[in-house]
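This report concerns only the one structure given below.
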């Protein structure tokens, strides 16, 4: 029986098969060479080798083998990574796009492309790529997590929340997913929910400094400074440059302004004299009903908001309170005055603030009685302030008042 394929056709077929095999072998050799060069950090030569490997292979998925498919996608991926190592983002983007032209169903390539867009500050392009990745593969956990992070960075936490929840559902033991969810909730002011998510993140991932820091932030926003301090202590215990930086930042976050001391050198009212005749303060008080303006200067530990400092209604002046009564010293039947005591005004008449030295000076007037026998216990006059610092933080309630007897704020 005669052959249905003549000798010339067989020769052409064998030649084509031989050429294909040769190309495949050359492509594999070039790919392996590129991988070795990449491993040795010779990125320019590696990129050239990957380009060569791709030149030997067809440009469509067509009817190629699975091994050839893997070789092509690997070459595109490592070529893009080589360009990124060389700082050639434009060429890397082109490589990823060529890979997607070869096979547009590669969700992981869309994620890689999105990361380059994010690096190049192209959020709209990154978002488009990530949404495509999540659509192509609903089981891809990296795509929704990265998209959530992108949306959080753009102050779109409400949109980010469902993507982080999806990441949590896909990878319930991944601390990063809970961390992202906590971020989105915290930005929305959902501090209680954020705390729960961030607690989960820190329990799943040991020494997760970013999550510990954000947990501290959430506690601070909730007014739970003691629990925020616990996170600061945890960050200090980790003792890395990153954790210590986070600890320092968080410490600043929870820090509230305090009164440090009375600046005696700048005060005309001596708060250390104790119980004395009013005349001991100034010879002017020898005259009955004499009045004189006095001043007390206070040093703050923070830069204060001048508007709140200069507001006299944010200050109060009162006699100290105490249960012990001593008629000789005036101590101190719950703030009551003796008959001879000069009554201090409840608020100052004016305030002057020096922002360069963080010193506030309050002024108020004292009046002698009609018999020129007035007394005053200067060390038991309590001065209080309830304003804010330049960052809008309220005073630390453990150091927002002071008197001469204590010698320090309380």
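Residue numbers (the numbering used here): 14 to 423.
Backbone N, C-alpha and C define an ideal beta-carbon position, used for all residues, glycine too.
A quick note: this is a predicted structure, and the numbers were derived from the prediction, not measured.
Annotation for residue 402: 270, 315, 316, 317 and 318 place their beta carbon closer than 7 Å to its own, counting only its chain and skipping 5 residues before and after.
No Cβ-Cβ contact shorter than 9 Å links residue 122 with residue 158. The beta-bridge partner set that DSSP reports for residue 414 consists of 397. For residue 83, the enclosing alpha helix (DSSP H) covers residues 79-98.
Shown here, residue 44 sits in a helix according to DSSP, grouped into three states. Look at residue 64 here: in three-state DSSP terms it is helix.
When DSSP states are grouped into helix, strand and coil, residue 313 belongs to the strand group. Using a Cβ distance threshold of 9 Å, residue 272 and residue 208 do not count as a contacting pair. Contact between residue 322 and residue 377 is absent: CB atoms are separated by about 15 Å, not below the 8 Å threshold.
Spatial neighbours of residue 406 in its own chain (CB-CB distance under 7 Å, excluding positions within 5 residues in sequence) are listed in chain order as 269 and 270.
Residue 300 and residue 420 have their C-alpha atoms some 31 Å from each other. DSSP lists 306 as the beta-bridge partner residues of residue 378. Bounds of the beta strand (DSSP E) holding residue 365 are 363-367. Annotation: residue 148 is outside any beta strand (DSSP E); the continuous alpha helix (DSSP H) that includes it extends over 136-149. For residue 355, the closest of 291, 104, 49 and 133 by C-alpha to C-alpha distance is 291. In the DSSP assignment, the residues bridged to residue 330 are 396.
In this structure the segment 108-125 lies against the segment 140-153, because at least three pairs of beta carbons, one per stretch, are closer than 8 Å. For the pair residue 276 and residue 373, the Cα-to-Cα distance works out to about 9 Å. Pairing residue 232 with residue 243, the inter-Cα distance amounts to about 10 Å.
The secondary-structure analysis by DSSP pairs residue 318 with nothing; it has no beta-bridge partner.
Residue 393 is classed as buried because its beta carbon has at least 16 other beta carbons within 10 Å across all chains shown. Taking the Cβ atoms as the reference, residue 414 lies roughly 29 Å from residue 303, outside the contact range of under 8 Å. Excluding its 5 nearest sequence neighbours in each direction, residue 165 has C-beta neighbours in its own chain below 8 Å: 173, 193, 196, 197 and 200, listed in chain order.
With a cutoff of 9 Å on beta-carbon distance, residue 325 and residue 368 are scored as not near each other. Note on geometry: alpha-carbon atoms of residue 50 and residue 127 lie some 26 Å from one another. Residue 66 and residue 93 do not touch by the CB rule: their CB atoms are close to 13 Å apart, not below 8 Å.
Sorting 328, 178, 305 and 48 by C-alpha distance to the C-alpha of residue 400 places 328 at the top.
Sequence-distant partners of residue 222 (beyond 5 residues in either direction) whose C-beta falls short of 8 Å from its own C-beta, in its chain, are 248, 251, 253, 255, 256 and 259. Secondary structure of residue 373 (DSSP, three-state): strand.
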